[in-house]
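The numbering of the sequence shown is my numbering, which starts it at 18 and goes up by one. Ideal Cβ placement from N, Cα and C applies to all residues, glycine included. All values reported here derive from a predicted model rather than from experimental measurement.
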Amino acid sequence: MRKSFGPEYLSQLSPRPQWWRYLLTYVSLFLGSVVSKTKIKGKWHVPIKGPFVVASNHFSNYDPSFFTYAIQKPINFIAASDQEVDWWLIWAPFLYGWIPVDRKKLAPSTIKKALSVLKSNQILGIFPDGGVNDTILGKPKNGTVYLSTLGKAPIVPIAIYGAETALEDILKGVRPKVYINIGKPFGPFKITGSKESKNKMLTKIGKDMMIRIAALLPHNKQGPYIGNSKIKRYQKENGFIPNSL
């Protein structure tokens, strides 16, 4: 039996039809409201319609389901194809699909597909730190801000936590507690100048994006952004303080 699925398979995936992803939203509703105890704050920050980019931390393999539960609209996820996905987890990307990306380099085909999503007023979902880290928030790649800029779409920061222990809780017969916090949208930005100045601006905005996500997380999950002076300001803008686990 095949133990995992690698780049050869993952790079061939694409988002399933919008109507199908809409139906799968009900699966997320079941997971979020029946299987787990999910609390959402900041729902009022979600734009009524696209285009927009949703940027989230990535602490768990189950994050995409809770991501969809929070937004309750079809999402076009961008996810890494340069990885190995265990056989028992492959059903999710197979059913829902995604836009594959190589984390070492943002390929023209990925950019083209992502911009097509935004130009058709749909929603792009990205985990900007580029991989699952089940302890603390990581540092971002430049792709999220770059695509937001090219597609002239705002970024909606969200944070998901508690899902990293969901399977263990369920096996113990306990409904896991999952928290989803949604922040105030920001951007898009106009980035001009030389290649060097553009890269500096992308890095600067990318760091600010992660601080905005950190402002949606408990203190002990904020990673390298813990203690940043902007966190309290963004929490005030968001209108709430994150729950502790």
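task = Closer than 6 Å by C-beta to Ile230: which residues in its own chain qualify, once you throw out the five before and the five after it? Chain order, please.
result = Asn74, Pro174 and Ala176
query = Got a sec, what are the start and stop residues for the alpha helix (DSSP H) Ile228 sits in?
reply = Lys212 to Ala231
message = Taking the beta carbon of Leu112 as the centre, do at least 16 other beta carbons fall within 10 Å, making it buried, or is it exposed?
response = exposed
Alpha helix (DSSP H) segment containing Val44, residue limits = Gln35 to Phe47
request  = Count the C-beta pairs between the segment 51–61 and the segment 121–132 that are closer than 8 Å, then say yes if the count reaches three, no if not.
outcome  = no
task = Would you tell me roughly how many angstroms separate the C-alpha atoms of Lys350 and Phe144, rounded to the nearest one?
result = Since the displayed the chain opens at 18 and closes at 262, residue 350 lies outside it and no answer follows.
inquiry  = Quick check on Tyr79: does DSSP put it in helix, strand or coil?
reply    = It is coil, neither helix nor strand.
message = At the level of alpha carbons, what is the spacing between Ile197 and Ala87?
response = Cα to Cα, the separation comes out at about 7 Å.
task = Express the C-alpha separation of Phe69 and Gly190 in angstroms, rounding to a whole number.
result = 38 Å
request  = Entirely within the segment 146–178 and at least 4 residues each: give me those alpha helix (DSSP H) ranges in chain order.
outcome  = Here the runs fully enclosed are 160–167.
ask   = So, is Asn138 buried or exposed, given that buried needs 16 or more other C-beta atoms within 10 angstroms?
value = exposed
key: CB contact flag (Ile208, Thr166, <8 Å)   = yes
query = What residue does the alpha helix (DSSP H) around Ser73 start on, and which one ends it?
reply = Here Ser73 belongs to no alpha helix (DSSP H); instead the beta strand (DSSP E) covers Phe69 to Ser73.
query = Between Ser77 and Ala180, is the Cβ-Cβ spacing less than 8 Å?
reply = yes
ask   = Since Phe203 sits in a beta bridge, which residues does DSSP pair it with?
value = Ile172
ask   = How about Leu30 and Gly114: do their beta carbons lie closer than 8 Å?
value = yes
query = Exposed or buried, what is Pro34 when buried is set at 16 or more other beta-carbons lying within 10 Å of its beta-carbon?
reply = exposed
message = Quick check on the burial criterion: 16 or more other C-beta atoms within 10 angstroms. Buried or exposed for Ser211?
response = Ser211 comes out exposed.
task = Taking all protein chains shown into account, decide if Ser98 is buried (16 or more other Cβ within 10 angstroms of its Cβ) or exposed.
result = buried
query = What is the DSSP secondary structure of Pro125, reduced to helix, strand or coil?
reply = Reduced to three states, the DSSP call for Pro125 is helix.
query = To which residues does DSSP link Asn93 through a beta bridge?
reply = Leu141
key: Which listed residue (Ser246, Ala72, Met218 and Ser82) has its alpha carbon closest to that of Tyr39   = The shortest C-alpha separation from Tyr39 is found at Ser82.
Rounded Cβ spacing between Phe257 and Gly59 (contact assumed at less than 8 Å) = 6 Å
Length of the line joining the Cα atoms of Val134 and Ile140 = 7 Å
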